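Residues in the sequence shown are numbered consecutively from 1, following the numbering used here.
In this text, a Cβ means the ideal position worked out from N, Cα and C, and glycines have one as well.
It should be emphasised that the depicted structure is a prediction, and the values quoted were computed from it without experimental measurement.
Data first, discussion second: the structure below is written as structure tokens.
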Amino acid sequence: MNKRSWAEPYKIKMVEHLRVTTKADREKAAAEAGYNTFLLKSDDVYIDLLTDSGTSAMSDRQWAGMMIGDEAYAGSQNFYHLEQTIRECYGYKHVIPTHQGRGAEHILSKLCIKDGDTVPGNMYFTTTRLHQELVGGQFADVIIDQAHDPDSELPFKGNVDLNKLARLIEQVGPQRIPYLALHATVNMAGGQPISMANARDVSAMCRKFGIKVFMDATRAVENCYFIKKREAGYADRSLQEILRELCAYTDGCTMSGKKDCLVNIGGFLALNDDDLADAARNMVVVYEGLHTYGGLAGRDMEAMAVGIRESLQFDHMRARIGQVEYLGELLRKGDVPIVRPIGGHGVFLNAARFLPHIPCEQFPAQTLAAALYVDSGVRAMERGAVSAGRDPKTGKNHFPELELVRLTIPRRVYTQAHMDVTAESVIELHGNRDKIVGLRITYEPKHLRFFQARFEPVEGSKVLRD
Ligand code: F0G
1 MNKRSWAEPY KIKMVEHLRV TTKADREKAA AEAGYNTFLL KSDDVYIDLL TDSGTSAMSD
61 RQWAGMMIGD EAYAGSQNFY HLEQTIRECY GYKHVIPTHQ GRGAEHILSK LCIKDGDTVP
121 GNMYFTTTRL HQELVGGQFA DVIIDQAHDP DSELPFKGNV DLNKLARLIE QVGPQRIPYL
181 ALHATVNMAG GQPISMANAR DVSAMCRKFG IKVFMDATRA VENCYFIKKR EAGYADRSLQ
241 EILRELCAYT DGCTMSGKKD CLVNIGGFLA LNDDDLADAA RNMVVVYEGL HTYGGLAGRD
301 MEAMAVGIRE SLQFDHMRAR IGQVEYLGEL LRKGDVPIVR PIGGHGVFLN AARFLPHIPC
361 EQFPAQTLAA ALYVDSGVRA MERGAVSAGR DPKTGKNHFP ELELVRLTIP RRVYTQAHMD
421 VTAESVIELH GNRDKIVGLR ITYEPKHLRF FQARFEPVEG SKVLRD
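Pasting the structure below:
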């Protein structure tokens, strides 16, 4: 036998008990939550695949780091450790901690975007686009067309389309484009990576026109794993080396440490430009906290510093992405329509294809996430029309081509058996799809509606008929 499997490069030291509920319990909980998985109580959830954000298990070394938190208001040792780690691992010069990713997005958007500016990016992300719009910017999608096609098998479906970018620069003029937001990986496309070649080309084009490139580095190490696996010339390079090269094509990054960095809270803004960093340090004190803690406790910064090093270990990333792939392969073999290739942080169900009888106005992805919860207590997240929200000018619903449900895998939390149970539920639900009933909105908040909107079935009282 030649096959040698990988296994998780850790063993479990502490467990958290899960509560098993009945279908009747879950029907009640789903109705009380307005069929929005964000409004469920976590105690009512069996396997929580809502998000990989802040849900990872920390290592014993990170917990040890929590015990050496230096909780001084100013100049905490943990800040200097974090700063040094980010400088070494990502290669940026200035580090401004923030409470999480959107804190960094807020500061960057406010500092760089003027009313009427256009900000290109390889697909939108919810919080990123909102912060751009709140300061008068307009997001322009310059991702390759194939990213919107769930069946395209391109290895780097997150890439920027250089022709689209060139056309945009010509149309609006480089002086109205303060920066390009380069997402690595692309969350809304299904966790799809960008290639190093694309990052290099994007950087060259932007530099030619004096446009800055800021990376959304939230899952950049996952992106580097895909580069190592899929891009010629990188197989023998370490994740660390690949990350440094990727970051070198950009002028800084916004970071949600709650993903790659293996912490439950934290983020940062990293910048190379001295003046911009100075302005950001000035602004962080207004919105987050002093520039040496940015809304974080010293212990949180220490855990993030340790987590960054762990994220760059090949065995960690192989097991992390390997687990996502394991779930995806089970679903693929079970004939469930999923986004291909399988992404870095989760498996994305193609809800439009899964529920062809539910029109887009009845939110197939929202509906599928609610039905999956009722079926088995697995909590997933809608990533389709509800997440896309409305056009700020016309007030009309955005109906993106991708109407997806994300089964997001927290890092180091669930076992292969949890993946089996999840796949069985999804496959069975797919067989029973004609029992699933569409939803309509009963309450809609103004911003980021997917977090708090409420729904009801368009007919009857159940999203999953008996
Ligand atoms: N950028 C990306 C690509 C993200 O996925 C997220 C968060 C953020 C920025 C914002 O970071 O949450 O720390 O403020 N994504 C979470 C998710 C919410 O579930 O995908 P944050």
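For residue i versus residue j, is the C-beta distance shorter than 8 Å?
| i | j | result |
| --- | --- | --- |
| isoleucine 86 | tyrosine 92 | yes |
| threonine 118 | glutamine 100 | no |
| aspartate 52 | threonine 415 | no |
| leucine 39 | valine 378 | no |
| valine 263 | valine 374 | no |
| arginine 390 | histidine 398 | yes |
| glutamine 313 | arginine 440 | no |
| glutamine 366 | phenylalanine 455 | yes |
| methionine 255 | alanine 270 | yes |
| leucine 162 | aspartate 201 | yes |
| leucine 349 | leucine 327 | no |
| alanine 351 | glutamate 403 | yes |
| lysine 212 | tyrosine 249 | no |
| leucine 290 | tyrosine 73 | yes |
| alanine 303 | methionine 14 | no |
| valine 142 | leucine 168 | yes |
| glycine 294 | glycine 103 | yes |
| glycine 438 | valine 413 | no |
| leucine 330 | alanine 423 | yes |
| serine 76 | glycine 298 | yes |
| glycine 252 | asparagine 223 | no |
| glycine 121 | alanine 181 | yes |
| methionine 301 | leucine 82 | yes |
| phenylalanine 156 | serine 195 | yes |
Taking residue i as the reference, which of the options has the closest Cα?
| i | options | result |
| --- | --- | --- |
| alanine 220 | Glu32, Ile321 and Ile96 | Ile321 |
| aspartate 466 | Ala305, Arg433 and Ala57 | Arg433 |
| histidine 345 | Gly210, Met381 and Ala371 | Met381 |
| serine 425 | Glu459, Ala370 and Val458 | Ala370 |
| glutamine 467 | Ala297, Met317, Met301 and Ala388 | With the chain running from 1 to 466 in the structure shown, residue 467 is simply not present. |
| glycine 136 | Asp315, Asp149, Lys114 and Thr127 | Lys114 |
| aspartate 275 | Leu108, Ala74 and Ser461 | Leu108 |
| alanine 189 | Asn223, Val339, Ala319 and Ala104 | Val339 |
| leucine 246 | Tyr287, Pro193 and Leu168 | Pro193 |
| aspartate 25 | Tyr46, Val15, Glu16 and Asp260 | Tyr46 |
| aspartate 44 | Ile358, Gln62 and Leu18 | Leu18 |
| tyrosine 10 | Ser203, Glu310, Ser461 and Ala423 | Glu310 |
| isoleucine 96 | Gly395, Val286 and Lys446 | Val286 |
| proline 445 | Ser203, Asn36, Ser5 and Phe214 | Asn36 |
| aspartate 218 | Ala33, Asp260, Ile358 and Leu182 | Before going further, note that residue 218 is threonine rather than aspartate in the sequence given. Here the closest residue by C-alpha is Asp260. |
| glycine 334 | Phe214, Asp420, Val386 and Pro400 | Asp420 |
| lysine 208 | Asn223, Glu170 and Arg237 | Glu170 |
| proline 150 | Gln62, Thr442, Val405 and Pro392 | Val405 |
| isoleucine 177 | Ala147, Phe156, Gln132 and Glu105 | Gln132 |
| leucine 372 | His430, Asp300 and His148 | His430 |
| proline 400 | Lys41, Lys435, Thr394 and Ala147 | Ala147 |
| glutamine 84 | Glu71, Thr21, Asp60 and Thr292 | Thr292 |
| histidine 418 | Trp6, Val324, Lys28 and Asp145 | Val324 |
| glutamate 288 | His106, Ala140 and Ser152 | His106 |
| serine 5 | Asp315, Gly460, Ala388 and Lys28 | Asp315 |
Could you give the C-beta distance for residue i and residue j, rounded to a whole number, given that I count them as a contact under 8 Å?
| i | j | result |
| --- | --- | --- |
| methionine 123 | alanine 166 | At roughly 18 Å, the Cβ-Cβ gap does not stay under 8 Å, so methionine 123 and alanine 166 are not in contact. |
| leucine 243 | cysteine 89 | 6 Å |
| phenylalanine 125 | asparagine 187 | 6 Å |
| glycine 116 | proline 174 | Not really, about 14 Å apart at Cβ, beyond 8 Å. |
| glycine 158 | alanine 184 | 7 Å |
| glycine 384 | glycine 191 | The Cβ separation is near 15 Å, so there is no contact. |
| threonine 98 | glycine 267 | 5 Å |
| arginine 353 | proline 341 | 17 Å between Cβ atoms; not a contact. |
| leucine 481 | leucine 154 | Outside the displayed range of the chain (1 to 466) lies residue 481, so it cannot be described from this structure. |
| glycine 69 | lysine 258 | Going by Cβ atoms, the distance from glycine 69 to lysine 258 rounds to 18 Å, so no, they are not a contact pair. |
| asparagine 78 | alanine 305 | 7 Å |
| alanine 473 | valine 386 | Nothing can be reported for residue 473, as the shown portion of the chain is limited to 1 through 466. |
| methionine 442 | glycine 34 | Note that residue 442 corresponds to threonine in the displayed sequence, not to methionine. Indeed they touch by this definition, with Cβ atoms about 7 Å apart. |
With a threshold of 8 Å between beta-carbons, can residue i be considered close to chain C, or not?
| i | result |
| --- | --- |
| glutamine 313 | No chain C is present in this structure, which holds just one protein chain. |
So does residue i have its beta carbon nearer than 7 Å to some heavy atom of the ligand ZN?
| i | result |
| --- | --- |
| threonine 22 | For the structure depicted, the ligand ZN is absent and the ligand set comprises only the ligand F0G. |
| task | Answer yes if the segment 281-295 comes into contact with the segment 224-231, meaning at least three C-beta pairs across the two stretches below 8 Å, and no otherwise. | result | no
**Asked** Listed in chain order, which residues are found with a beta carbon closer than 6 Å to a heavy atom of the ligand F0G?
**Response** Thr51, Ser53, Gln100, Gly101, Arg102, Phe125, Thr127, Thr128, His183, Asn187, Asp216, Thr218, Ser256, Lys258 and Gly267
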